[in-house]
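Here the protein sequences line up with chains G and C, keeping their order.
The numbering of the first sequence is the working numbering, which starts it at 1 and goes up by one.
The numbering of the second sequence is the working numbering, which starts it at 1 and goes up by one.
Every residue, glycine too, gets a C-beta built ideally from N, C-alpha and C.
Computed from a predicted structure; not experimentally measured.
Notes follow the structure.
There are 2 protein chains.
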Amino acid sequence: MSEALDSLTKNQQTVLDILESAKEPLKAYAILFDTQKKGIKAPLQVYRALDKLIEIGKVHKIESKNSYIACKHKSCDAGTSTSFLICEMCDLVTELKKNISSYFSKQSADVNFSYSKHNLEIYGICNNCKREN
Amino acid sequence: MSEALDSLTKNQQTVLDILESAKEPLKAYAILFDTQKKGIKAPLQVYRALDKLIEIGKVHKIESKNSYIACKHKSCDAGTSTSFLICEMCDLVTELKKNISSYFSKQSADVNFSYSKHNLEIYGICNNCKREN
DNA sequence: AACGTAATGTTATAATATAACATATTTTAA
DNA sequence: TTAAAATATGTTATATTATAACATTACGTT
Chain G
1 MSEALDSLTK NQQTVLDILE SAKEPLKAYA ILFDTQKKGI KAPLQVYRAL DKLIEIGKVH
61 KIESKNSYIA CKHKSCDAGT STSFLICEMC DLVTELKKNI SSYFSKQSAD VNFSYSKHNL
121 EIYGICNNCK REN
Chain C
1 MSEALDSLTK NQQTVLDILE SAKEPLKAYA ILFDTQKKGI KAPLQVYRAL DKLIEIGKVH
61 KIESKNSYIA CKHKSCDAGT STSFLICEMC DLVTELKKNI SSYFSKQSAD VNFSYSKHNL
121 EIYGICNNCK REN
């Protein structure tokens, strides 16, 4: 049988399932805890699954939180650039769709820097939390 | 004597000196290693100095590299928003002074998100490395 | 079937960061 | 000017995040 491009292995699917059903970004050891009933026993199994999922763009890492989040978009361009809005009150994370890259590319060119990719983490208060306060 | 706003303690100054003379961002344990001849003996002493320096805007953390860099600007607005250009070849880091915050603030408002601060890490190739390759 | 590649399982350890507690120093203010 | 409050220090231990190393298994390709 020829391999479907989006076929995931058991561990990869297990980790992705957890992330997709999570409301907030999860830390690796939280994922480990949640997946122990499904056969994942060691940190490395989580990290390996995460590495692959990030590589294919299904998952992103939020660097300032050492946390991981499933990508909600149809197809992210393979684990490169990311832009997030992070609510400081409820931890909700929204991923911005990426036309913002061209802006950074121009800004970079202005100082003779060849843009390759970026990571943007914007902190603030989400709409829900604003209304409730 | 009344306290000068920019007076630093011994450990804080030691850590800042190391960062200011470094060409690339440094990791906390690299700072520890470099400051051991100057009386700093434990990781916590480094982290505490870093915390303070970050708080007053003298140092920034580069989240995607778990590294720290001295701020070259006159006065950064107290450890809040940062924007970096990071060379993938030589690790040179340039901090963008530009008022990119207002752009993010607008983009955020478009989706009903109240901007508070941001962290931007742009990867690419710096001018020097471009010329040499 | 035999090979090459990728994924797995497992143990150990590296790298990054904080907790807890005792002490010392500086600032503030009565 | 001194006592209280706040800040910084020193030190040991430990928590958190992530990777190394190595043996094994699954699986697509030829």
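Where does residue i land, buried or exposed, given buried means 16+ other C-beta within 10 angstroms?
i: Ser-7 of chain C; result: exposed
i: Thr-9 of chain C; result: exposed
i: Ser-81 of chain C; result: buried
i: Phe-113 of chain G; result: buried
i: Ala-109 of chain C; result: exposed
i: Ile-125 of chain C; result: buried
i: Val-111 of chain C; result: exposed
i: Glu-121 of chain C; result: buried
i: Lys-74 of chain C; result: exposed
i: Lys-23 of chain C; result: exposed
i: Leu-5 of chain C; result: Summary for Leu-5 of chain C: the model assigns pLDDT 48, below 50, so the residue's position carries little reliability, and this model does not support an answer.
i: Lys-58 of chain G; result: buried
i: Gln-12 of chain C; result: buried
Which whole-angstrom value is the C-beta distance of residue i and residue j, which I expect to be below 8 Å?
i: Tyr-68 of chain G; j: Leu-16 of chain G; result: Incorrect: roughly 10 Å between the Cβ atoms, too far for contact.
i: His-118 of chain G; j: Tyr-123 of chain C; result: 7 Å
i: Leu-53 of chain G; j: Ala-28 of chain G; result: No, Leu-53 of chain G and Ala-28 of chain G are not in contact; Cβ-Cβ is about 12 Å, not under 8 Å.
i: Pro-25 of chain C; j: Lys-65 of chain C; result: 6 Å
i: Cys-76 of chain C; j: Asn-128 of chain C; result: In fact, because the Cβ distance is near 24 Å, the residues do not count as touching under 8 Å.
i: Glu-55 of chain G; j: Glu-63 of chain C; result: Going by Cβ atoms, the distance from Glu-55 of chain G to Glu-63 of chain C rounds to 20 Å, so no, they are not a contact pair.
So is residue i in contact with chain G if we call contact Cβ pairs under 8 Å?
i: Cys-76 of chain C; result: no
i: Leu-209 of chain C; result: The structure shown does not extend to residue 209 of chain C, since chain C is modelled only from 1 to 133, so the question has no answer here.
i: Lys-23 of chain C; result: no
i: Asn-112 of chain C; result: yes
i: Ala-4 of chain C; result: Only weak support exists for where Ala-4 of chain C lies, its pLDDT of 39 falling under 50; the value from the coordinates is given anyway. False, the Cβ-Cβ gap to chain G never drops below 8 Å.
i: Asn-127 of chain C; result: yes
i: Leu-26 of chain C; result: no
i: Phe-104 of chain C; result: yes
i: Leu-53 of chain C; result: no
i: Glu-88 of chain C; result: yes
Helix, strand or coil for residue i, going by three-state DSSP, please let me know.
i: Thr-82 of chain C; result: strand
i: Asn-128 of chain G; result: helix
i: Thr-35 of chain G; result: helix
i: Ala-4 of chain G; result: Its pLDDT being 40, under 50, Ala-4 of chain G is placed unreliably by the model, and the measurement read from it follows with that caveat. It is coil, neither helix nor strand.
i: Glu-121 of chain C; result: strand
i: Ala-109 of chain G; result: helix
i: Asn-42 of chain G; result: It should be pointed out that residue 42 of chain G corresponds to Ala in this sequence rather than to Asn. Ala-42 of chain G: coil per DSSP, three-state reduction.
i: Lys-10 of chain G; result: helix
i: Ala-22 of chain G; result: coil
i: Glu-88 of chain C; result: coil
i: Ile-62 of chain G; result: strand
i: Ile-54 of chain C; result: helix
i: Ile-69 of chain G; result: strand
For a cutoff of 8 Å on Cβ pairs, would you count residue i as touching chain C?
i: Tyr-68 of chain G; result: no
i: Tyr-115 of chain G; result: yes
i: Gly-124 of chain G; result: yes
i: Lys-130 of chain G; result: yes
i: Leu-50 of chain G; result: no
i: Asn-99 of chain G; result: no
i: Asn-119 of chain G; result: yes
i: Glu-63 of chain G; result: yes
i: Leu-16 of chain G; result: no
i: Leu-32 of chain G; result: no
i: Leu-85 of chain G; result: yes
Under 8 Å: do the segment 35–44 of chain G and the segment 24–37 of chain C share three or more Cβ pairs, one atom per stretch? Three or more Cβ pairs closer than 8 Å define a contact, and the segment 35–44 of chain G falls short of that threshold against the segment 24–37 of chain C.
Using 8 Å as the cut-off, can you tell me whether the segment 82–95 of chain G makes contact with the segment 45–57 of chain G, which would need three or more C-beta pairs spanning the two stretches below that distance? The segment 82–95 of chain G, when compared against the segment 45–57 of chain G, does not touch it at the 8 Å Cβ threshold.
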